[in-house]
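Peer 1: Mind having a look at this structure? Questions to follow.
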Amino acid sequence: MDQDSVDHHVARWAAFWKDEPAFAPEVEGALVRMNYIQREARRADAAAFAEARELTFEDYKTLHVLMIQPWPIEATPAQLAEASKVTRAAMTSRLDRLVAAELVTRENDETDRRRVLIRPTAAGRAMWSKYIFEGMARDQRLLRALSHEELIQLNGLLRKVLLDLEG
Numbered sequence: 001m002d003q004d005s006v007d008h009h010v011a012r013w014a015a016f017w018k019d020e021p022a023f024a025p026e027v028e029g030a031l032v033r034m035n036y037i038q039r040e041a042r043r044a045d046a047a048a049f050a051e052a053r054e055l056t057f058e059d060y061k062t063l064h065v066l067m068i069q070p071w072p073i074e075a076t077p078a079q080l081a082e083a084s085k086v087t088r089a090a091m092t093s094r095l096d097r098l099v100a101a102e103l104v105t106r107e108n109d110e111t112d113r114r115r116v117l118i119r120p121t122a123a124g125r126a127m128w129s130k131y132i133f134e135g136m137a138r139d140q141r142l143l144r145a146l147s148h149e150e151l152i153q154l155n156g157l158l159r160k161v162l163l164d165l166e167g
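Quick note on numbering: UniProt numbering labels position 14 of the sequence shown as 14, and the sequence is numbered without any gaps.
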């Protein structure tokens with residue numbers, strides 16, 4: 001079987017911890033590989049948005065949160081800030097850019113003038129669609145070494161781990 005860089009990492013630690021029963025090479029290997037894959041996904045996203053002239057990665061994430069949020073295709077800036085895990089001030093800056101680019105609208109709620117609602121425009125929905133499908137293609141390239149059946153098996157194993165962590 002071919003060896004990857006993680007096999008070499010685990011072998012170094014296994015030699016160092018050869019008399020330590022607490023060291024679990026399979027756990028170390030699995031976690032380091034999962035971290036590596038996640039890091040590669042983040043790098044690919046960052047590279048794609050570094051080349052994009054029309055949208056920053058942060059602005060895309062804001063548009064994404066708006067498009068997938070549980071409210072009826074609108075949200076308040078506070079809801080978007082909370083869902084995006086950014087401050088309200090950071091969200092205001094993002095929304096200013098998205099409004100200027102005509103990707104979202106910012107309007108007072110007709111039933112409560114103190115409340116501001118953010119809604120995607122048709123251009124915003126189109127921009128989100130463009131970037132979400134490009135992201136899906138990048139993600140699929142990351143896991144192209146696995147067959148459909150292997151992806152199902154991997155998901156089953158990861159689900160088992162997550163259910164244990166969530167339980």
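Glycine included, every Cβ here is placed at the ideal spot set by N, Cα and C.
Quick one: Cα of R114 to Cα of R159, how far?
Peer 2: 43 Å
Peer 1: By the DSSP assignment, the beta strand (DSSP E) with P68 in it spans what residues?
Peer 2: One point to set straight first is that residue 68 is Ile, not Pro, in the sequence displayed. Taken as a continuous stretch (DSSP letters only), I68 belongs to no beta strand (DSSP E), being part of the alpha helix (DSSP H) at F57 to I68.
Peer 1: My output table needs one value for R42: the three-state DSSP class, helix, strand or coil.
Peer 2: helix
Peer 1: Does the Cβ-Cβ distance between D59 and L98 come in under 7 Å?
Peer 2: Yes; because the gap between Cβ atoms is below 7 Å, this pair is in contact.
Peer 1: In the DSSP assignment, find the alpha helix (DSSP H) that holds I152 and state where it starts and stops.
Peer 2: H148 to E166
Peer 1: Residues in the same chain with beta-carbon distance under 8 Å from V116, minus the five sequence neighbours each way, listed in chain order, please.
Peer 2: The residues T76, P77, R106, E107, N108 and D109, in chain order, have a CB closer than 8 Å to that of V116 in the same chain once the five nearest residues on each side in sequence are set aside.
Peer 1: Could you give the DSSP three-state label for T121: helix, strand or coil?
Peer 2: coil
Peer 1: Span of the alpha helix (DSSP H) holding R144?
Peer 2: Taken as a continuous stretch (DSSP letters only), R144 belongs to no alpha helix (DSSP H), as it is neither H nor E.
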